[in-house]
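In this note's numbering, the protein residues as written are 74 to 1090.
Backbone N, C-alpha and C define an ideal beta-carbon position, used for all residues, glycine too.
Shown next, in structure tokens, is the structure this report addresses.
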């Protein structure tokens, strides 16, 4: 209680800054957190800026970073770079200091390796999104500098939510950011606010954006004038005709009726099986075809066709058409449930304003047929409930009485779990449903559950809820709703307890009695926990006992003691009562101490676990630590975790030090003491204690492992570099802990090299498991210690090394194909990969170990290792293509390695490049005497983006390859024709190319060309 008032004083009173600083400096962990939150809430900038260096020194950079939101902009701009490794950008930091956040984000993204940037975006998306909302122009600069390809498969949601603000500032730049995201993404559909702003972007950009998905196309189209929708539709189709995305039903529905009908007819002429487009035609054209489909043998086809009948009627926007569709649906009486359910789902989706009073009889017949069918499914019932709720929400209080009566009867009959209605219509709906609600308590409670809190206070609803009796199993839910109104619940509880004393045990009633109407606690304390309605007993709520009188607290303590001592009660009831006793001021601690040494193990452990939940948790620490050496340690040491959060460091440190260095204490206790020291002691004391625990004589290895885990998780805060170096140079099994998931950006720049050197030592370890783990982490850390990576080259090139070469090769490959600088990354002359491959190529020429030694082509197999893994995972860019060509050129210096070189060559080919003919011609020359490899390579050729139409260079390349006359060149030409001819709908130029290939001198080329058809029979 006193602590709460102190926190209010920090927020509301002009306490001197130095007083607040001293309080926070000496406070235990939990209290420090509360005081820091008070400083943040009060916006005390001067205090926060005084505390940042103190917090960094005593508790680490992450704790210091919590204070930044209320600091001045200049202070944040100065301090954030030094804290960034431990700070995650929060909403408050992004909103209050957007410039500093975006500047730091740009600095870190530029510094981070390409593979690490996606993780940065995800981790800091909340703060970056908040900053983008404040400085959209600066956010666009950042997004353009670091393209969206970095955060596949989707934009982080907090950032994506701010795109509307970016588009409001500059629609064109925002559209370019979205288009740059490329393919293979799973971003949600463009929201209306974003689509409305993007509609001002140039048409070519909109077409590219709309072509990503039909849903995005429809979202953009809805925000355009009717004429512009048609223009956008045609522009999307012109992007590429390989995938006619513009013909989706969702997109066509946004076009003006004449254009919609014309385009649907045109598409159906091309593809008669596109039944989803029939709904866009007039009924006279669509219905005969749809009704024919309702008579097919396939179940799902009939269901789909019946649904389309309804959709076509709704698409017309005429109530008469919807009624005619309902008449047709009367034929479903003897259909199977899946067919009926599909049709009813579409009826439920019809705008209810299209349903008039004369449709009530038809709906009643459909409902009766569906609900009385023996195979009626829950899905069918759900669709009927949705339909009834939709109709009632639209017509409640209106003149369509028969329709309303049908909806009420259906809802009462089905009793949906939580019927949902628009907030503005809830009062009218409740009035229509009143008779049904009075008859059915389950329906009443389900209906009230779905209402807005304001609608739950309707007088007649309150009156109906009050009539739910204590014998009803829904009584507890009814009481919960009645007491939701804070203005009346005190008076209502008094009436309720007066009429039904046993209701005092209900959780909702207890919450009011124990916090607001403590004058009515007598019946609750006297009645125990029996509840009305036959429900299970509810434990006594003692969490607000600090508001009670001494007499009430004593009474509650006696009741708890009786329950705990009652051997007829269940073990769960007894232990629950004992845990609740911790909240009793002045009595809870004494009551718990009576049971900590109880012979009953359950009660003893429950008492120990509850001790740190008393009003003074720090007082429980000595008691709990007294059990660290016996069988209760497994409970006591973890309960001590909470007590430690409330214990001052000058008391906590000595207590933990005694435990971690005592070999007679249980290992579990020592391990937990190490964790508590790392979490709650000031960093200098924690570092010293962890080192003492590690170096203690006869220390258990598991305790040392926990020490190393804590240090590796926070090496900047717990800088035991001597211990880490000692482990890395030893043969200890603790070396595997060093190869954990720590990332470079989680360390200050000055410490990254030191940790990278440790990882490098692991990669060179004699133990193959440790070496494998170290090499795996070296791919991440190696750029900070290039000499450590260079030391792994001999592991790959030394053919006498049988085990450690493979992980080393994977690490070298990953580094070479990353964006690391030369000579560390890349494949230029002098680079690590070039040196490695050159030595292996020389070994291939020299011949490897003999077969009789159990070896075969060892160097060649190691070269093969560089064909897998990161090579195939590399994003295709101009740089990656250049590196692939360099590797291929290096490998082809040895003729027998051409099969290993060829995959690099086709990886380097860009089908959209103006030099396509030259590149494919050179590759064909390499494959002159390798027909099998040529066929395989031809099948692998494909454009990076199939939406990009072929250019003149593509046609020229096909002609050149065809005229070459060779097998490989001819196969490449056939592949290009197969890729681009159908997408262009076989214009004369591509037909001529195909016919020329059918006359090719190579039989395999002719055969493949004859297998490509310009039209199907």
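Query	Result
Residue 498 versus residue 385 - alpha carbon distance	28 Å
Buried or exposed by the 16-neighbour rule on C-beta atoms within 10 Å, applied to residue 944	Because the pLDDT of residue 944 is 49, which lies under 50, any placement of that residue in the model is unreliable, and the number read from its coordinates should be weighed accordingly. Under this definition residue 944 is a buried residue.
Residue burial classification, residue 774 (beta-carbon count within 10 angstroms, cutoff 16)	exposed
Collapsed DSSP secondary structure at residue 407 in the structure displayed	helix
As assigned by DSSP and simplified to three states, the class of residue 105	helix
Cβ contact check for the region 361–375 and the region 407–414: 3 or more pairs under 8 Å	yes
Residue 524 to residue 475 span [Cα, whole Å]	25 Å
Where the alpha helix (DSSP H) through residue 1009 begins and ends	1004–1013
In chain order, each alpha helix (DSSP H) run of at least 4 residues that lies wholly inside the region 281–334	287–295, 299–312 and 322–325
Nonlocal neighbours in the same chain, by C-beta distance under 6 Å from residue 244, ignoring five residues either side	270, 271, 273 and 274
Terminal residues of the alpha helix (DSSP H) in which residue 69 lies	An answer regarding residue 69 cannot be provided, because it is not within the stretch 74 to 1090 covered by the chain.
Rounded separation between residue 860 and residue 265 - CA only	54 Å
Inter-residue CB distance, residue 168 and residue 203 (contact presumed, cutoff 8 Å)	5 Å
Residue 790 versus residue 758 - alpha carbon distance	11 Å
Of the listed residues 949, 206, 249 and 991, nearest to residue 977 (C-alpha basis)	949
Residue range of the alpha helix (DSSP H) that includes residue 194	187–196
Where residue 939 sits in the DSSP three-state scheme	coil
N- and C-terminal bounds of the alpha helix (DSSP H) containing residue 767	756–768
Beta-carbon gap between residue 294 and residue 247 smaller than 8 Å	no
Length of the line joining the Cα atoms of residue 707 and residue 901	59 Å
Environment of residue 841 [buried if 16+ CB atoms lie within 10 Å]	exposed
Assigned secondary structure, residue 685 (DSSP; H/G/I helix, E/B strand, else coil)	helix
For residue 772, the three-state DSSP class (helix, strand or coil)	coil
Exposed unless 16 or more other CB atoms sit within 10 angstroms - verdict on residue 1017	exposed
Integer Cβ distance of residue 648 from residue 618, believed to fall under 8 Å	Contact doesn't hold; Cβ gap of about 18 Å is too wide.
Boundaries of the alpha helix (DSSP H) in which residue 753 is found, first to last residue	740–753
Cα-Cα separation between residue 160 and residue 865, rounded to whole angstroms	34 Å
Host alpha helix (DSSP H) of residue 537 (start-end)	532–539
Length of the line joining the Cα atoms of residue 366 and residue 381	10 Å
Segment contact, 8 Å Cβ cut-off, at least three pairs: the region 835–853 with the region 870–884	yes
Those runs of the alpha helix (DSSP H) which lie wholly inside the region 537–593 and span at least 4 residues	548–555, 562–572 and 580–588
Any non-hydrogen atom of the ligand MG within 7 Å of residue 788 CB	Among the components modelled here there is no ligand, and therefore nothing to report on the ligand MG.
Exposure label - residue 548; buried when at least 16 CB within 10 Å	buried
Member of 832, 487 and 321 whose CA lies at the smallest distance from the CA of residue 460	487
C-beta contact flag for residue 1073 and residue 1066 at 8 Å	no
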